[in-house]
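S.K.:
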Amino acid sequence: MSEVGTLTRADLSEALHQEVGLSRAESAKIVEQILAEMCEALSRGENVKISGFGTFVLRDKGERIGRNPKTGVEVPIAPRRVLTFRASQMMRNRIVAPVAG
Numbered sequence: 687m688s689e690v691g692t693l694t695r696a697d698l699s700e701a702l703h704q705e706v707g708l709s710r711a712e713s714a715k716i717v718e719q720i721l722a723e724m725c726e727a728l729s730r731g732e733n734v735k736i737s738g739f740g741t742f743v744l745r746d747k748g749e750r751i752g753r754n755p756k757t758g759v760e761v762p763i764a765p766r767r768v769l770t771f772r773a774s775q776m777m778r779n780r781i782v783a784p785v786a787g
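Position in the sequence shown counted from 1, then plus 686, gives you our numbering.
So, in structure tokens, the structure goes:
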């Protein structure tokens, strides 16, 4: 298998600097502002949809019964809010290639 890297805020900022020609400080500020807006929208309970990329969706999960795998004892799992991401069809087509067998 190949090494898998991680795209960071600094990488996004550097790409913006290289592609658009903004200063590194301006690029970093733009990346931070975009991420802050996304976080604010999600904290208000809004979904975040980025066309051609995907959608971040908040879901409320109700209380349910789980089981401790070691003891087998049933335990209640409290209701909670979870964040999910659903990639757009365009994104899926770009990243999901058929596996060569």
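C-beta: ideal position from N, C-alpha, C; glycine also.
With 16 other CB atoms within 10 Å as the buried threshold, where does L721 fall?
M.R.: Flag for L721 reads exposed.
S.K.: When you compare only the Cα positions, how much space is there between V761 and R750?
M.R.: Distance between the alpha carbons of V761 and R750: 9 Å.
S.K.: Would you mind working out which of V759, P765, T694 and S729 sits nearest V743, comparing C-alpha positions?
M.R.: Answer by Cα proximity: S729.
S.K.: Can you tell me the Cα-Cα spacing of I706 and E723, whole angstroms?
M.R.: The residue you asked about is not Ile; residue 706 is Val in the sequence shown. Going from the Cα of V706 to the Cα of E723 covers about 21 Å.
S.K.: For R767, which of S774, N733 and G738 has the nearest alpha-carbon?
M.R.: The shortest C-alpha separation from R767 is found at N733.
S.K.: Cutting at 8 Å between CB atoms, please list the residues of its own chain near K747, excluding the five before and the five after it.
M.R.: Excluding sequence neighbours, K747 sits near P765, R766, R767 and V768.
S.K.: List the endpoints of the continuous alpha helix (DSSP H) containing E726.
M.R.: Per DSSP, E726 belongs to the alpha helix (DSSP H) from R710 to S729.
S.K.: Going by DSSP, which residues form a beta bridge with V768?
M.R.: Paired residue(s): R745.
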